[in-house]
Amino acid sequence: MIETIAVAFRLNGADTAMQVPPDMRLIDMLRERLGLTAAKKACGIGRCGACAVLMAGRPVNACLLMAWQIDGADILTPEGLDALPEAAIVRSALAEENAFQCGYCAPGFTIALTALLREHLDADEPAIRAALEGNICRCTGYHSIIRGALAAVRTMANRSAPQPTHG
Numbered sequence: 100m101i102e103t104i105a106v107a108f109r110l111n112g113a114d115t116a117m118q119v120p121p122d123m124r125l126i127d128m129l130r131e132r133l134g135l136t137a138a139k140k141a142c143g144i145g146r147c148g149a150c151a152v153l154m155a156g157r158p159v160n161a162c163l164l165m166a167w168q169i170d171g172a173d174i175l176t177p178e179g180l181d182a183l184p185e186a187a188i189v190r191s192a193l194a195e196e197n198a199f200q201c202g203y204c205a206p207g208f209t210i211a212l213t214a215l216l217r218e219h220l221d222a223d224e225p226a227i228r229a230a231l232e233g234n235i236c237r238c239t240g241y242h243s244i245i246r247g248a249l250a251a252v253r254t255m256a257n258r259s260a261p262q263p264t265h266g
């Protein structure tokens with residue numbers, strides 16, 4: 100008989116509790132037990148970023164987190180990004196720049212950029228490149244992804260700029 104542990108956490112804004120083997124990884128819980136497949140199972144060793152989720156607002160690799168490590172945590176998957184206005188801006192800007200070809204890596208890049216722009220509305224290209232270091236895209240040369248990220252920064256700056264008053 101396989102022993103299980105109880106884990107309770109907040110997932111995309113909803114309280115979630117389940118019994119799982121203690122050595123089950125978060126990526127497997129999301130995909131196999133919860134049917135959330137936007138975070139991709141790729142390298143399995145935390146090097147590509149395809150499985151990225153937000154944990155307490157910070158990007159983490161779901162392939163490196165074990166069930167016992169997420170007990171009490173606040174997890175936001177790519178499916179839950181709709182709750183964040185920054186994510187809509189990031190997604191739109193990346194789409195405008197045709198940032199991805201196959202799209203396999205897109206959720207991880209979106210997670211990383213959303214986390215960055217939630218903390219740094221004025222992120223410059225070096226900050227963007229640093230935030231994306233853990234993400235690998237096998238289809239592009241990254242130029243369109245960087246352009247999309249910079250476009251998102253400009254859009255967010257325009258939205259947060261004080262509006263002129265007429266008087």
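In this text, residue positions in the sequence shown follow this note's numbering: the first is 100, and each later residue adds one.
Glycine residues also receive a C-beta, built at the ideal position from the N, C-alpha and C atoms.
Under the three-state reduction of DSSP, P120 is assigned to coil, being neither helix nor strand. M255: not part of any beta strand (DSSP E); member of the alpha helix (DSSP H) spanning 242-259, first to last residue.
Residue pairing for N234: DSSP places it in no beta bridge. By the neighbour-count criterion, in which a residue is buried when 16 or more other Cβ atoms sit within 10 angstroms of its Cβ, G240 is exposed. C-alpha of Y203 to C-alpha of T209: approximately 11 Å in a straight line.
Every unbroken stretch of the beta strand (DSSP E) spanning 3 or more residues and falling wholly within the segment 166-193 is given here in chain order: 173-175.
Contact between A161 and L129 is confirmed by a C-beta separation of about 6 Å, below the 8 Å threshold.
By the neighbour-count criterion, in which 16 or more other beta carbons inside 10 Å mark a residue as buried, C201 falls on the exposed side. In the structure shown, the three-state DSSP call for A222 is coil.
For F199 and M165, the gap between their C-alpha atoms comes out near 30 Å.
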